[in-house]
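Undergrad:
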Amino acid sequence: MTEPVLSVRDLSVSFRSDTRTVHAVDHVSYDLHAGEVLAVVGESGCGKSVTSMAVMGLLPPTAHITGSVRLGERELAGADDKAYGKIRGKDIAMIFQEPMTSLNPVLTIGRQIGEVLRRHQGLSKKEARARAVELLDLVGIPAPAQRVDEYPHQLSGGMRQRVMIAIAVACDPAVLIADEPTTALDVTVQAGILEVLQSLRERLGTAIVLITHDLGVVADIADRVLVMYAGRPVEQAPVDELFATPRHPYTRGLLSAVLRPGTPKDRLPEIPGLVPSLDTQPDACTFAPRCARADDTCTASRPGFRAVPDENGAAGADATHRAACWHPHTLQETAS
Ligand SMILES: Nc1ncnc2c1ncn2[C@@H]1O[C@H](COP(=O)(O)OP(=O)(O)O)[C@@H](O)[C@H]1O
Ligand code: SF4
Ligand SMILES: [Mg+2]
-6 MTEPVLSVRD LSVSFRSDTR TVHAVDHVSY DLHAGEVLAV VGESGCGKSV
44 TSMAVMGLLP PTAHITGSVR LGERELAGAD DKAYGKIRGK DIAMIFQEPM
94 TSLNPVLTIG RQIGEVLRRH QGLSKKEARA RAVELLDLVG IPAPAQRVDE
144 YPHQLSGGMR QRVMIAIAVA CDPAVLIADE PTTALDVTVQ AGILEVLQSL
194 RERLGTAIVL ITHDLGVVAD IADRVLVMYA GRPVEQAPVD ELFATPRHPY
244 TRGLLSAVLR PGTPKDRLPE IPGLVPSLDT QPDACTFAPR CARADDTCTA
294 SRPGFRAVPD ENGAAGADAT HRAACWHPHT LQETAS
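So for the sequence shown, the working numbering puts the first residue at -6; every next one is plus one.
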């Protein structure tokens, strides 16, 4: 297999103030290959955004970050703002939930796309404008030659998100992180944005980290899924395997909530209780208070993030399916 374009190892982030420490991310690891879509899922407050902001070097100085973030050959953990300034928007880029807050209302969209191209690729004004038109076309904006001179308020929410994607991919970054990119949009508009992400992966080979709490979206677009709970990775698997044979009780809860139409997206009736406070790092499974399978082992020691046993009881040799659970569901149970 080729080398990953992004490799995250034991990434931990805590926020320290005078009164408390919040352990927002606790030993997260993943690899991302060219053209691959990794979905990161979990309830609100589980550390999905903070993980990505740490990868992007966008956290405030109160964040204490440990672990490794390798983008190709480069180690990014500990890089300063100047070093990040050279790679952000060029080699790795991020889009957010609310495109309006990220766009400058007083500049045309052509100028905003062009700015990235001029900074990182040294294009002239004229060249940047021409490339901006191409990029608007790439992200599916009709009549791009006219639209390039419009201002953000002249565009719909879906079109603004397409502009954000155009800015993010202007320099053909190896990695695009999309943090809930469709959450603020209507369902019909969401599908169009996901199509754009799909086409980027196919046409440019962009590797994508897609953060979402919508497992329906995951089924459509992801290759692999990382499930996070209370700052920790709890399960990772190829998408079909995760949906067919979820091993961690939390993943099973997430999936059963999705399979019931009408479930509010931010509530999981299948899993009573709430994500715990992140003020402590218990040497225990943090899901235990909500888990029907919890026993003394679960409350006395933290389960490792290990390859799950296959039907013969052996851990898969390639370890593509991992779970942090003392008593993962067996294949027989997941089939029922
Ligand atoms: N700048 C910050 N200072 C202190 N705590 C933060 C900060 N940013 C996020 N957190 C905390 O980190 C935890 C994880 O947040 P986040 O990654 O945004 O969750 P998610 O994206 O999964 O909803 C939350 O408890 C949140 O309150
Ligand atoms: S380790 Fe124990 S409490 Fe945690 S998810 Fe597994 S069975 Fe449940
Ligand atoms: Mg978030």
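Even glycine gets a Cβ: it sits at the ideal position worked out from N, Cα and C.
Would you say CYS284 touches ligand 2, meaning its beta carbon is less than 6 Å from a heavy atom?
TA: Flag set: Cβ of CYS284 near ligand 2.
Undergrad: Quick one: give me the first and last residue of the beta strand (DSSP E) that ILE204 is part of.
TA: Element bounds for ILE204: 200 to 204.
Undergrad: Three-state secondary structure (DSSP) at TYR243?
TA: Note: TYR243 maps to helix in three-state DSSP.
Undergrad: Below 8 Å, how does it come out for the stretch 198 to 211 and the stretch 290 to 303: are there three or more Cβ pairs, yes or no?
TA: No: the two stretches stay apart, fewer than three of their Cβ pairs being nearer than 8 Å.
Undergrad: What does GLN349 pair with, by DSSP beta-bridge criteria?
TA: The structure shown does not extend to residue 349, since the chain is modelled only from -6 to 329, so the question has no answer here.
Undergrad: Do ILE85 and LEU64 have their CB atoms nearer than 7 Å?
TA: Yes, Cβ-Cβ distance for ILE85 and LEU64 is below 7 Å.
Undergrad: Given ALA287, which residues of its chain have a CB within under 6 Å of its CB, disregarding the five upstream and five downstream residues?
TA: For ALA287, where only same-chain residues beyond five positions count, the Cβ hits under 6 Å are ALA281.
Undergrad: Taking the straight line between their C-alpha atoms, what separation do you get for VAL33 and VAL220?
TA: The straight-line gap from Cα to Cα measures roughly 6 Å.
Undergrad: Less than 6 Å between the CB of PRO296 and some heavy atom of ligand 2, yes or no?
TA: Yes.
Undergrad: CA-CA distance, ILE186 and ASP289?
TA: Each residue's Cα considered, the two are about 46 Å apart.
Undergrad: Taking Cβ to Cβ, would you say THR327 is nearer than 7 Å to THR238?
TA: Contact flag set, yes.
Undergrad: Quick check on the burial criterion: 16 or more other C-beta atoms within 10 angstroms. Buried or exposed for PRO226?
TA: Looking at its Cβ environment, which holds 16 or more other Cβ atoms inside 10 Å, PRO226 is buried.
Undergrad: Based on Cα-Cα distance, which residue from ILE102, HIS113, ARG67, VAL62 lies nearest to GLY82?
TA: For the residues ILE102, HIS113, ARG67, VAL62, the minimum Cα distance to GLY82 belongs to HIS113.
Undergrad: Within a Cβ cutoff of 8 Å, which residues of the same chain sit near ASP172, ignoring the five residues on either side of it in sequence?
TA: Within the same chain, ASP172 has close Cβ partners LYS41, SER42, SER45, MET87, ILE88, PHE89, GLN90, ILE204.
Undergrad: Taking only runs of the beta strand (DSSP E) that begin and end inside the stretch 59 to 89, which ones reach a length of at least 3 residues, in chain order?
TA: The qualifying runs are 85 to 88.
Undergrad: Can you tell me whether ARG140 is helix, strand or coil according to DSSP?
TA: If DSSP states are grouped into helix, strand and coil, ARG140 belongs with the helices.
Undergrad: Please report the straight-line C-alpha distance between SER10 and THR181, rounded to a whole angstrom.
TA: So the alpha carbons of these two residues sit roughly 42 Å apart.
Undergrad: Within its chain, find whatever has a CB closer than 8 Å to the CB of THR175; leave out the 5 residues flanking it on each side and keep chain order.
TA: So the list reads GLN154, VAL182, GLN183, ILE186, LEU187, THR205, ASP207, VAL210, once near-sequence residues are dropped.
Undergrad: Go ahead and pull the three-state DSSP assignment for VAL132.
TA: The answer is coil: DSSP assigns VAL132 none of H, G, I, E or B.
Undergrad: Consult DSSP for PHE298 and reduce its assignment to one of helix, strand or coil.
TA: Of the three classes helix, strand and coil, the one that applies to PHE298 here is coil, per DSSP.
Undergrad: What is the rounded straight-line gap between the Cα of CYS318 and the Cα of ARG111?
TA: Approximately 49 Å between the Cα atoms of the pair.
Undergrad: Going along the chain, which residues of its own chain have a beta-carbon closer than 7 Å to the beta-carbon of ALA163, five neighbours each way excluded?
TA: Here the set comprises ILE106, VAL109, LEU110, LEU128.
Undergrad: For VAL99, count neighbouring C-beta atoms within 10 Å of its own C-beta (all shown protein chains included) and say buried if the count is 16 or more, exposed if not.
TA: The residue is exposed, with fewer than 16 neighbouring Cβ atoms inside 10 Å.
Undergrad: Pick out whichever of GLU195, TYR222, ASP303 has its Cα sitting closest to the Cα of GLU234.
TA: Minimum Cα distance to GLU234 is reached at ASP303.
Undergrad: For ligand 1, any of its heavy atoms closer than 6 Å to the Cβ of PHE8?
TA: Checking the Cβ of PHE8 against ligand 1 gives yes.
Undergrad: Measure the Cβ-Cβ separation of GLY28 and ARG196 and say whether it is below 7 Å.
TA: No. Outside cutoff.
Undergrad: Relative to the C-alpha of ASP213, which residue among GLY60, VAL6, HIS146, LEU31 is closest?
TA: ASP213 has its Cα closest to that of LEU31, out of GLY60, VAL6, HIS146, LEU31.
Undergrad: Could you name the residues that DSSP lists as bridge partners for SER7?
TA: Bridge partners of SER7: HIS16, HIS57.
Undergrad: Just how far apart, CA to CA, sit CYS39 and VAL268?
TA: Each residue's alpha carbon lies about 7 Å from the other.
Undergrad: Cβ of ALA281 versus every heavy atom of ligand 2: is any distance shorter than 6 Å?
TA: Because some heavy atom of ligand 2 lies under 6 Å away, the Cβ of ALA281 counts as near it: yes.
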